[in-house]
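Protein chains in written order, with the numbering used here: chain A, 602 to 903; chain B, 88 to 370.
Beta carbons: idealized from backbone N, C-alpha and C, even for Gly.
Here's the structure, in structure tokens; my notes come after.
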Amino acid sequence: MEESVVTFNVFHHVAWGTTISVYFWLVGASAGSFVISSFGWVFGIKRYKPLALTASVTAIGMLLLVPILLTWDLGKPVRFIYLLLPGFWHATGPMSWGTVLICSYPMAMGVYTYFVIKNDIFWARATGIIAIVLALSTHWYTGVVMELNPGRFLNHTALAPLLFLTGAFISGIGLLVLILTMQNLVVAAEKRIDWKLLIEMAQYMMYGLVFDAFLLFLEFMQSIYGSMNVVLGHEAVLMGVFKFPYFWLEIVIGLIIPFLILVSPLKRNIYAVVAASFMVCIGVYGMRVWWVMGGQYLQSFY
Amino acid sequence: MEGARRSYGLQSPGTRGVAGAKRYGMVIDLRKCIGCMSCAVACKTEFGVPLGSWRTWVKVSDKGRFPNTRRVFMPRLCNHCDYPVCVRNCPTQATYKHKEGFVLQRYNRCIGCRTCMVACPYNARHLLPAKRTDNNLPHMVVDKCTFCVHRVKKGIVPSCVQACVGGARIFGDLNDPKSEVAVLASKERLTVLKPELGTSPSVSYIGGDWEIMDEPHSYTNRTEQLKEEFNDYKRNHEGDAFADIVEGEPTMPQIGEHAIGFLKTIPHKAADVLKAFRIFLFG
């Protein structure tokens, strides 16, 4: 075959960047924290009740940062109001649904938290069920918003929402373990959360890591047997320019090392569990980075 | 070419082949393209397209080995797809598919979220910068090729077609069997960009070279000079919204720089918010 080189082309920017990656991470951590919060009040696991308030406040706190990031990212922040006006609503746009979810989810969490503080079991459970559906939907939507771009070969996969939700679950638990550890260090002894509970939560995180690894393996298999675009996406983007967030952050620091810690005898050591949780949080951020920017990278040369 | 007639929200059902309906499209005869870039210049002049952004451009590739070489060109623009992903994904109805084939942008509805830019498989959209030579022109909204709808309405061809010295760009009503574009569409072998995506583009090519039309090839077979130019472009980007990664440098520090760039823009945006509230409250 004769040689062929591209000698001139114009250049294109990557449209979504760091702010969107951070936003995805925050929404995920919020949803994951809220799932843990609901264990006690919605699913009736009583030993989780003491940490419900901290977990839901963490979830609300994470989510309150989201509108700030997103509106600043618009360039002219006040224009976010258009997303809330019925005349602008566009049902086929995933972001339209995302706006509804991002607005309703913190409200539902707020009501749930109010009933948790009031110790109202019935209403805490009822509002908790609504809030947990909204929590999962909010993070499901972040996967969908990346997935529904058929031109972005790395993102256009039905596994996207599932990968995002799994990442949310593990990063939420990781973040909560870190926050509860810090809380335990400052509160009075009788108000401390049992360390054994944190160790137990980390085991849930380990199951999440296994599932995450399975999903990543499926993606990897598809990428190496896929079209040239996907193969190149894996070789040049994930193992090339984005090797650090993909391979080192997500797979090594965020998956393999925490998994080894959590299956070894170290899993009973709270320091090791805290370290694993921190690594999982960092690893999931790496995943958000390559999902947002890596997916767009290759096409910016087309 | 014409499959089942699908319709998504703001997308008019396809009018290709519908009697009495107009359906504008473009055929680019690559045998006649000489790569003079007149089309790109004419477009820039017509719309005052800012530096670094393009509504249409010409990609160039060199083939063969000396002395048996040839140069191939690939004019690019918005494909005005029959089933445009950008229209489907826009959250504020800012972009729509006109029944005569145009995919158009409504600046007054655009919030600059760049969802359409992410969705477009052809890089046909760009964000207008915050600072423009004429402040009355739209800024911080997404813009794209309109097939020069303002000229077509008056019976004039788009400016890129008018400026094309080789007559390589042919524009017209595909539903009119006597139009040049319809004759070419029926007689010649046409190719479109990324047909596998199902977008059904309204821009077709005659004599397209598969390598220059191929996305992986555009990345893997660049000249070293082009790589450096790309990197320079990315280093000099403006605005926190962009996340351009410079090749050959560690990724995470670059992402950190993007975050710092984002923080630096906050004072400007705060001024923007205050201005908006001032107008809202005091007119």
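- In this structure, the straight-line span from the alpha carbon of N155 of chain B to that of S148 of chain B is close to 14 Å.
- Annotation for P859 of chain A: the continuous alpha helix (DSSP H) segment containing it runs 858-864.
- Taking all protein chains shown into account, R175 of chain B has 16 or more neighbouring C-beta atoms within 10 Å of its C-beta and is therefore buried.
- Residue nearest to V838 of chain A within the set A:F812, A:Q804, A:A725, A:V890 is A:V890 (criterion: CA-CA distance).
- Pairing G618 of chain A with I342 of chain B gives a Cβ-Cβ distance under 9 Å.
- Going by DSSP, T608 of chain A is part of the beta strand (DSSP E) stretching over 605-609.
- Just measuring C-alpha positions, the residue of A:L763, A:I621, A:Y713, A:D674 sitting nearest S639 of chain A is A:Y713.
- Restricting attention to alpha helix (DSSP H) runs no shorter than 4 residues, the region 161-248 of chain B encloses them at 172-176, 202-206, 236-239, ordered along the chain.
- Looking at the DSSP output, M113 of chain B sits in a beta bridge with B:F258, B:V290.
- For T307 of chain B, there is no enclosing beta strand (DSSP E); the residue is part of the alpha helix (DSSP H) that begins and ends at 302-307.
- Under the three-state reduction of DSSP, D795 of chain A is assigned to coil, being neither helix nor strand.
- Closer than 9 Å to the CB of F349 of chain B there is at least one CB belonging to chain A.
- A residue is called buried when at least 16 other Cβ atoms come within 10 angstroms of its Cβ; F843 of chain A meets this threshold and is buried.
- As a beta-bridge residue in DSSP terms, K150 of chain B pairs with A:S605, B:R157.
- For the pair of segments examined, the region 122-140 of chain B was found not to touch the region 166-173 of chain B: the number of CB pairs separated by less than 8 Å stays below three.
- DSSP lists no beta-bridge partner residue for L899 of chain A.
- For L685 of chain A, the closest alpha carbon among the candidates A:I854, A:D674, A:S697, A:L675 is that of A:S697.
- Around the Cβ of P678 of chain A, a 10 Å sphere holds 16 or more other Cβ atoms; the residue is buried.
- Interface with chain A (9 Å Cβ-Cβ cutoff): L97 of chain B is included.
- For I121 of chain B, the CB contacts under 6 Å within the same chain, skipping 5 residues up- and downstream, are G253 in chain order.
- Selection A:R869, A:A736, A:F902, A:M829 evaluated against I661 of chain A yields A:A736 as nearest (Cα-Cα).
- For a cut-off of 8 Å, the C-beta gap from V643 of chain A to G752 of chain A is around 40 Å, too long to register as a contact.
- Rounded to the nearest whole angstrom, the CA to CA distance from D116 of chain B to D296 of chain B is 12 Å.
- For E748 of chain A and Y808 of chain A, the gap between their C-alpha atoms comes out near 25 Å.
- Residue A:L817 holds the alpha-carbon nearest to the alpha-carbon of T758 of chain A among A:L817, A:L850, A:F689, A:V628.
- Taking a 10 Å sphere around the C-beta of T620 of chain A, we find 16 or more other C-beta atoms and assign the residue as buried.
- Proximity of T620 of chain A to chain B, defined by a Cβ-Cβ separation below 9 Å, is satisfied.
- For M840 of chain A, there is no enclosing alpha helix (DSSP H), since its DSSP letter is neither H nor E.
- DSSP places T143 of chain B within a strand segment (E or B) once states are collapsed to three.
- Closest option to C200 of chain B, judged by alpha-carbon separation, among A:W741, A:Y903, A:Y683: A:Y683.
- T278 of chain B carries a strand assignment under DSSP once its states are collapsed to helix, strand and coil.
- Exclusion of the five residues before and after A873 of chain A leaves I862, L867 as the residues of its chain whose Cβ lies within less than 6 Å of its Cβ.
- Taking C-beta atoms as the reference points, F317 of chain B and E336 of chain B fail to come closer than 9 Å.
- Annotated three-state conformation of T693 of chain A is coil, per DSSP.
- Annotation: the region 663-737 of chain A contains the following complete segments of the alpha helix (DSSP H) (minimum length 4 residues), in chain order: 695-719.
- If only uninterrupted alpha helix (DSSP H) runs of at least 4 residues are considered, those enclosed by the region 745-819 of chain A are 761-787.
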